[in-house]
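A.B. asks: So for the sequence shown, our numbering puts the first residue at 6; every next one is plus one. Virtual Cβ for every residue (Gly too), placed ideally from N, Cα, C. Here it is: the structure, laid out below.
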Amino acid sequence: MNTCESLRKIAGFAKRFEEQILLKDFEGPDSLRRDWYLALKFFFKRSFYQGRPDEVSDKFLASALDCLDNLLGRTEEKRHSRVQEFFRDGWMNRQNWRSHQNPIHKSLKESGVNKEADRLMVLSALAFIIERGFLNIVTHSVERIRGGHIADLYAEVDSIYSVGDKITSLFLRDVVHLFSIERHLGSGDFVYAQPVDVWVRRVAEELGLKGLNDQATRKLLVDKCSECKVSPIAFNEGAWYLGSHSLAMAIGSVLQT
């Protein structure tokens, strides 16, 4: 099987990724655009998954979301009021994030969000949207991508504490897919929505497209997908699908058949 055929086969798993992973936790794309808090949760469901086993991240994510629901309230009106109160009191200011008196930081810690970087990431993300007038992070991302500004958007999201390259690219990839806005990406834009993890690295290595670092790898993958007329988004999702299902042998078999 040549490289282009292999890319197409892996991209074919993107539909399963959409049905079994991407769409399983919310009603649909429009629901994210209607509710800034639901959009923020969508972001957290990506930003908590970094550098540890998924089951550990699952636990910390659940603890964080439960904490925020209890702390901010379960209605839109209550959440607006509570967040504005925290903002007025200065708890969204970076210099106050680590304060033992900060009610958000304190509640997250007491709820079992043990890693300080996770707590600061939550505070940073809240500050990011509140400082912009209760910005809906999903709607904002869709509009920026449609306007041809994915590079600037990447820098914005990457500025949130502890997020980094992989999570930023993961979030942007899923937004592009959910809202069918791949056509708004130029040939040089796809690298911003091509997260590289251990599974994507393995596929890249099998294909002879692994670079010296993740940035080089994602460019090689995007360029090859473009050459083969394969969606870089679908390819990446297909590789992630195989990895998320622990199909350690599946990648090799897919590339060999």
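1) Considering only C-alpha positions, which residue in the set F22, Y54, L217, D71 is nearest to W245?
2) What is the DSSP secondary structure of L125, counted as helix, strand or coil?
3) Could you please give the first and the last residue of the uninterrupted alpha helix (DSSP H) stretch that includes I238?
4) In three-state DSSP terms, what is K29?
5) Is the Cβ-Cβ distance between W204 and I134 less than 8 angstroms?
6) So S192 is in the alpha helix (DSSP H); what residue range does that whole segment cover?
7) Under 6 angstroms Cβ to Cβ from E136, same chain only, skipping five residues before and after it: list those, please.
8) If I measure Cβ to Cβ from D194 and keep anything under 6 angstroms in the same chain, skipping five residues before and after, which residues do I get?
9) Excluding the 5 residues flanking I172 on each side, which residues of the same chain have their C-beta closer than 7 angstroms to its C-beta?
10) Let me make sure I understand the geometry here. Which of H250, F184, V201 has the alpha-carbon closest to that of G33?
11) With H, G and I counted as helix, E and B as strand and the rest as coil, what does DSSP make of Y166?
C.D. replies: Quick look at the numbers:
1) Residue mapping note: residue 245 aligns to position 240 of the sequence shown, counting from 1. Answer by Cα proximity: F22.
2) Mapped onto the sequence shown, residue 125 falls at position 120. Looking at L125 - three-state DSSP - the assignment turns out to be helix.
3) On the sequence shown, position 233 is the one that residue 238 refers to. Unbroken alpha helix (DSSP H) run through I238: 237 to 249.
4) Residue 29 sits at position 24 when you count from the first residue of the sequence shown. Here K29 sits in coil by DSSP.
5) Looking up residue 204 in the sequence shown gives position 199. Looking up residue 134 in the sequence shown gives position 129. Contact flag unset, no.
6) As a position in the sequence shown, residue 192 is number 187, starting the count at 1. Unbroken run through S192: none, as it is neither H nor E.
7) Along the sequence shown, one-based indexing puts residue 136 at 131. Correct list: empty, nothing qualifies.
8) Mapped onto the sequence shown, residue 194 falls at position 189. Result list for D194: I155, in chain order.
9) Here the question's residue 172 lines up with position 167 in the sequence shown. Result list for I172: R51, S52, Q55, in chain order.
10) To locate residue 33, count along the sequence shown from 1; it is residue 28. Per the Cα distances, F184.
11) Numbered from 1 along the sequence shown, position 161 holds the residue referred to as residue 166. Coil, per DSSP.
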